[in-house]
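Peer 1:
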Amino acid sequence: MNQESQELVQLLEKLVEESTAQNEKLQKQLRFTRILAAAGCALAGVILAALLCVVPPLLRTMHQASGLIGQVSGTLENADQALSQVTQTLTEADKALLDIQSIFDEDGLMAQTEEALSQVMETLESMDIESLNQAIRDLGAVVEPLAEFFGRFR
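The sequence shown begins at 1263 in this note's numbering and counts up one residue at a time.
(1) Tell me the rounded alpha-carbon separation between Val-1317 and Ala-1311.
(2) Reducing DSSP to helix, strand and coil, say where Phe-1415 ends up.
(3) Using the C-alpha atoms, what's the distance from Ala-1403 back to Ser-1380?
(4) What number of angstroms, rounded off, separates the C-alpha of Ala-1304 from the C-alpha of Gly-1332?
As structure tokens, this is what we get:
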């Protein structure tokens, strides 16, 4: 039994050595796990701090951008209305320009006015102004005594 006990003792010593080596490896593994856990916690803390620093200003910026988009939308609507009015005004101006051009056309208002003025001038030239003035004086001479006569009955 001696040999068996010696083998058993050797076997137990071998088991103790292996157990000690395994415990040392487990201790190293535990140290690395703790280091990785601490690094993970530190990384989570940094990410949380970054989010706390970045998210509120980002939300404010998004809120301001939303307000600005609303203002831009209103401004674009106003610009669209202004462009519609400009288009309408230009259309009316184009029509007015066409009307003005029609005044100067061959049969337009200017031509008609010129013709009417020439007819008036011909009529005026054909009238004997001196005779007309004499007739007015004669009429005044006749009406004056009648006016005096009827003025007495007042």
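We treat Cβ as the ideally placed atom computed from N, Cα and C, and that holds for glycine.
Peer 2: Looking at the atomic coordinates:
(1) Here residue 1317 is taken as the residue at index 55 of the sequence shown, counted from 1. Here residue 1311 is taken as the residue at index 49 of the sequence shown, counted from 1. Taking the straight line from one Cα to the other gives about 10 Å.
(2) The count along the sequence shown starts at 1 and reaches residue 1415 at position 153. Coil.
(3) Taking the sequence shown and counting its residues from 1, one reaches residue 1380 at position 118. Taking the sequence shown and counting its residues from 1, one reaches residue 1403 at position 141. The alpha-carbon atoms of Ser-1380 and Ala-1403 are separated by roughly 35 Å.
(4) Taking the sequence shown and counting its residues from 1, one reaches residue 1304 at position 42. Taking the sequence shown and counting its residues from 1, one reaches residue 1332 at position 70. Approximately 42 Å between the Cα atoms of the pair.
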